[in-house]
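Colleague: The structure follows.
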Amino acid sequence: MPKYILDTCVDIEPTQSNFPKYFFADLHANTRVKLVFGGTTAINEVRKKAKLRELLNNLRDRNQLITVCTEKVDTAEATIEERIKDIIGQTPPECDDLHVFALAKVSGCLNVITRDNRMAACRKNIRSRIGHEYCPDIIVIQNENVYKRTKQD
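Count along the sequence shown from 1, then add 9; that gives the number in this note's numbering.
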């Protein structure tokens, strides 16, 4: 069963310019496709976005939402941040979505739907330095070709 983390920066309405039609068409047509969600940062971001809240509620009703324990995600995020500070000294500016890495670590879901080009740069910049056990090797999905490859795994 394919599972994905949806970065809250992704446009979720078809009229928006960066709407990943390939993903949402599959999500709405295939109940085997699941969305993974959790952590205080994500919850706070969703509170500001009514359409995203509505989407998550609909997916929950269809048993397509996997909710991960908030405390576990928050702890993992804090651990990653602390590890970065200990090893690198300061969190690189492209690493402003550490909660996504934490959610991936806790949930085991490595597929991340995003439009943030910096997420891949963050992964590349910190993963080998802070340790692979702290920073999962997420798959940054920004186009249909990469998305299709994740469905073949």
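Every residue, glycine too, gets a C-beta built ideally from N, C-alpha and C.
Using 8 Å as the Cβ pair cut-off and three pairs as the minimum, do the stretch 80–92 and the stretch 120–129 touch?
Modeller: no
Colleague: Measuring CB atoms only, is the stretch 45–64 touching the stretch 111–118, in the sense that at least three cross pairs come out at less than 8 Å?
Modeller: yes
Colleague: Using only CA atoms, which one of Asn72, Ile135, Gln25, Asp70 lies nearest to Leu107?
Modeller: Residue numbering aside, residue 107 sits at position 98 when the sequence shown is read from its first letter. For the residues Asn72, Ile135, Gln25, Asp70, the minimum Cα distance to Leu107 belongs to Ile135.
Colleague: What distance in whole Å lies between the Cβ atoms of Lys12 and Asn120, which are believed to be in contact at a cut-off of 8 Å?
Modeller: Mapped onto the sequence shown, residue 120 falls at position 111. Mapped onto the sequence shown, residue 12 falls at position 3. Rounded, the Cβ-Cβ distance is 7 Å, consistent with contact.
Colleague: Return the CA-CA distance between Asn67 and Ile52, expressed in angstroms with no decimal places.
Modeller: On the sequence shown, residue 67 is found 58 positions in, with the first residue counted as 1. On the sequence shown, residue 52 is found 43 positions in, with the first residue counted as 1. The alpha-carbon atoms of Asn67 and Ile52 are separated by roughly 16 Å.
Colleague: Would you mind working out which of Pro101, Pro29, Asp20, Ile75 sits nearest Ala130, comparing C-alpha positions?
Modeller: Locating residue 130 in the sequence shown gives position 121, where the first residue counts as 1. It is Pro101.
Colleague: Taking its Cβ as the centre, do 16 or more other Cβ atoms sit within 10 Å of Met10, making it buried, or is it exposed?
Modeller: In the sequence shown, counting from the first residue as 1, residue 10 sits at position 1. By the 10 Å Cβ count, Met10 comes out exposed.
Colleague: Identify the continuous beta strand (DSSP E) that holds Phe46 and give its terminal residues.
Modeller: For this step, residue 46 is matched to residue 37 along the sequence shown. Looking at the DSSP string, the run of the beta strand (DSSP E) that includes Phe46 is 43–46.
Colleague: For the beta strand (DSSP E) holding Leu74, just list the boundary residues, first then last.
Modeller: Translated into positions along the sequence shown, residue 74 becomes position 65. Here the beta strand (DSSP E) through Leu74 covers 74–76.
Colleague: Whole beta strand (DSSP E) runs in the stretch 20–61 with 3 or more residues, listed along the chain?
Modeller: 43–46
Colleague: Give the straight-line distance between the Cα atoms of Val42 and Gly98, rounded to the nearest whole angstrom.
Modeller: Counting from one through the sequence shown, the residue named residue 42 turns up at place 33. Counting from one through the sequence shown, the residue named residue 98 turns up at place 89. Rounded to the nearest angstrom, the two C-alpha atoms are 39 Å apart.
Colleague: The ligand ADP heavy atoms versus the CB of Leu15: any closer than 7 Å?
Modeller: What this structure holds is no ligand at all, so the ligand ADP is not there to describe.
Colleague: Would you say Thr79 and Val55 are within 8 Å of each other, going by their C-beta atoms?
Modeller: On the sequence shown, residue 79 is found 70 positions in, with the first residue counted as 1. On the sequence shown, residue 55 is found 46 positions in, with the first residue counted as 1. For Thr79 and Val55, no; Cβs fall outside 8 Å.
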